[in-house]
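Let me begin by presenting the structure, written as structure tokens, before commenting on it.
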Amino acid sequence: MPTLLEELVEGAGPLPRLGDKVVCHYSGFIASSNKKSDCSRDRGHAMTFPVGVGKVIDGWDAAIREMAKGSRRRVLIPAAEAYGARGQPPQIPPNADLIFDIELLDINETLVSEGMRIRREEAARADKFIREQDALRAAEAARHQQQPAPSRSSESGSSSRSSSDESDSSSFDSEVEQRREKKRKRNKEERKARKHAKHST
Numbered sequence: 001m002p003t004l005l006e007e008l009v010e011g012a013g014p015l016p017r018l019g020d021k022v023v024c025h026y027s028g029f030i031a032s033s034n035k036k037s038d039c040s041r042d043r044g045h046a047m048t049f050p051v052g053v054g055k056v057i058d059g060w061d062a063a064i065r066e067m068a069k070g071s072r073r074r075v076l077i078p079a080a081e082a083y084g085a086r087g088q089p090p091q092i093p094p095n096a097d098l099i100f101d102i103e104l105l106d107i108n109e110t111l112v113s114e115g116m117r118i119r120r121e122e123a124a125r126a127d128k129f130i131r132e133q134d135a136l137r138a139a140e141a142a143r144h145q146q147q148p149a150p151s152r153s154s155e156s157g158s159s160s161r162s163s164s165d166e167s168d169s170s171s172f173d174s175e176v177e178q179r180r181e182k183k184r185k186r187n188k189e190e191r192k193a194r195k196h197a198k199h200s201t
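According to our numbering, the sequence shown is numbered sequentially starting from 1.
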């Protein structure tokens, strides 16, 4: 049987009966390490299941039948009533006792209540996504702001390279212009030579 570790919130009303459909939020932990193995809130939606028909581990069925609507408990479930010698790799090792924080939200909720709950869960997931994206953008902006400014030596080196590049470019332009001038002179001399030869004949 599960062991009650702590009554976090006391519920009210009748207890679930065999076949009742319950709605729960929970967080699961490995008892030996207190490492979280699963959490319905992390996924953004509650878990629903019929009581006592084998849809969940035996320890869950036993624990939930002792809870009223609105109650929240922390219970210890022995490995024999959880996942036993097989475990549930990679989250749960073999022969692991588990601790569950269980909140019983509703018993046999109406379609209207279910629709409202689902809409709340969808809105919560959307808000969580937006917050995560904002946090990523803020972290990226902070990372860029923390990048060191170029040192004076690197700036000097960059300036020297720039001056060198400009000098090389000017030298190249000058050389091109000199070649063009030589070509113009050579063409002029050739025209004079042809003109002189024509007059000589």
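Ideal Cβ placement from N, Cα and C applies to all residues, glycine included.
query: Rounded to the nearest angstrom, what separates V53 and Q146 at their Cα positions?; result: 57 Å
query: Give the range of the alpha helix (DSSP H) segment to which G115 is assigned.; result: 111-145
query: Use the C-beta contact count for V51: other C-beta atoms within 10 angstroms, 16 or more gives buried, fewer gives exposed.; result: buried
query: So if DSSP puts K21 in a beta bridge, which residue, or which two residues, is it bridged to?; result: P50
query: Going by alpha carbons, who is nearest to M47 out of E132, K185, K21, A62?; result: K21
query: Could you spell out where the beta strand (DSSP E) holding S37 opens and where it closes?; result: 36-39
query: With DSSP collapsed to three states, give me the class of D97.; result: coil
query: Mind checking who D106 pairs with in its DSSP beta bridge?; result: V23
query: Is the separation between the beta-carbon of A96 and that of P2 shorter than 7 Å?; result: no
query: Any idea what DSSP makes of E177, helix, strand or coil?; result: helix
query: Can you name the start and end residues of the alpha helix (DSSP H) that I64 belongs to?; result: 58-64
query: Just to confirm my understanding: we take L221, look at its own chain, exclude 5 residues before and 5 after, and list those with CB closer than 7 Å. What are they?; result: The first residue shown for the chain is 1 and the last is 201, placing residue 221 beyond what the model contains.
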